[in-house]
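Reading through the structure tokens given below for one structure.
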Amino acid sequence: MDTHVGRDAEDLSARETYRLLTSCLVPRPIAWVSTLNRAGQRNLAPFSFYTLVSTDPPLIALSISQHQGQDKDTVVNIQETEEFVVNFVTVAQIAAMHATSGHFPPHIDEAALLDIEMVPSRRVRPQGVALSPTRLECRLSEVLVFGARATRLLIGEVVHFSIAESCMKDGRIDGTLLDPACRLGGPWYASLGARFSQDAAP
């Protein structure tokens, strides 16, 4: 058995805590979030603090911290318009997705700047990423605030699922046909690699 190194959380800086948590909680799915501001300006940015909350109703959660004491454009837009789209990120899209993680001024349209094709949504105003195999169109349900960095936990209700036929089989999403990008710690990403199934536990 390996020897473990112990660190009390109270002795760590915020940066050290971030590095440990993002290296331990892996792999993480990536929410590539498209929004609009009140004036209709588009925004596209990725977040890996992302998970599902409930299936009835269908709720998902995004956790987004402030940057240098300011709310990120995604948070501002969602709270103003109460709509957003979570676009699935494939391994082939990692470079484009990563490019949208830069700190752009609010008036910059990342999709247009980086030549990322967008398509209209069915139930919400923000557009979706054309090449994403699944898109979750969401309306804001609740916002909770945590911690010293005023981290917003944004709960969104999925009002429409847009699913590419190429990743479906017998009317369902076939996980073997998806190629999700996974977020690791530091600068690292990963693909899923080998997949296997398990029988139901007794």
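In terms of UniProt numbering, the sequence shown opens at residue 1 and continues consecutively. Virtual Cβ for every residue (Gly too), placed ideally from N, Cα, C.
Name the two residues that bound the continuous beta strand (DSSP E) containing residue 42.
Within the sequence shown, the letter at position 42 stands for residue 42. Counting along the chain, the beta strand (DSSP E) containing residue 42 begins and ends at 42-47.
Nearest to residue 161 (by Cα), restricted to the options 132, 176, 182 and 65: Numbered from 1 along the sequence shown, position 161 holds the residue referred to as residue 161. With distances taken between Cα atoms, residue 161 lies closest to 132.
Beta-carbon separation of residue 61 and residue 155 under 9 Å?
-> Taking the first residue of the sequence shown as position 1, residue 61 is located at position 61. Taking the first residue of the sequence shown as position 1, residue 155 is located at position 155. Cβ distance < 9 Å, so residue 61 and residue 155 count as in contact.
Q) Taking all protein chains shown into account, do 16 or more other C-beta atoms lie within 10 angstroms of the C-beta of residue 196, making it buried, or fewer, making it exposed? A) Walking along the sequence shown from the start, residue 196 turns up at place 196. When all chains shown are included, residue 196 counts as exposed.
* Cutoff 8 Å; reference residue 150; Cβ partners in own chain excluding five residues on either side -> Position 150 of the sequence shown, counted from the start, is the residue given in the question as residue 150. Contacts found: 65, 66 and 71.
Rounded to a whole number of angstroms, what is the C-alpha to C-alpha distance between residue 44 and residue 181?
Taking the sequence shown and counting its residues from 1, the one referred to as residue 44 is at position 44. Taking the sequence shown and counting its residues from 1, the one referred to as residue 181 is at position 181. When rounded, the distance between both Cα atoms is 17 Å.
Review point. Does residue 181 have its Cβ less than 9 Å from a Cβ in chain B?
Key: Of the protein chains in the structure, only one exists, and it is not chain B.
**Nearest residue (CA-CA) to residue 141, options 172, 185, 81 and 128** = Along the sequence shown, read from residue 1 onward, the residue named residue 141 stands at position 141. Residue 141 has its Cα closest to that of 81, out of 172, 185, 81 and 128.
Q.
Checking 9 Å against the spacing of the C-beta atoms, do residue 135 and residue 29 come in under that value?
A. Within the sequence shown, residue 135 is the residue found at index 135, counting from 1. Within the sequence shown, residue 29 is the residue found at index 29, counting from 1. No, Cβ-Cβ distance for residue 135 and residue 29 is not below 9 Å.
- Item | Pair within 9 Å by beta-carbon distance, residue 128 and residue 85 | Working through the sequence shown from its first residue, we reach residue 128 at position 128. Working through the sequence shown from its first residue, we reach residue 85 at position 85. Cβ distance < 9 Å, so residue 128 and residue 85 count as in contact.
Original post:
By how many angstroms is the C-alpha of residue 164 removed from the C-alpha of residue 12?
Top reply: Counting from 1 along the sequence shown, the entry for residue 12 is found at position 12. Counting from 1 along the sequence shown, the entry for residue 164 is found at position 164. Computed Cα separation, rounded: 44 Å.
- Query: Excluding five sequence neighbours on each side, which residues of the same chain lie with their C-beta closer than 6 Å to the C-beta of residue 159?
  - Reply: Counted from its first residue, the sequence shown places residue 159 at position 159. Result list for residue 159: 123, 137 and 139, in chain order.
Practice item. Just grab the DSSP bridge partners of residue 125 for me. Key: Here residue 125 corresponds to residue number 125 of the sequence shown, with the count starting at 1. In DSSP, residue 125 forms no bridge with anything.
One or two residues paired with residue 63 in a DSSP bridge: Numbered from its first residue, the sequence shown carries residue 63 at position 63. 153, per the DSSP bridge assignment.
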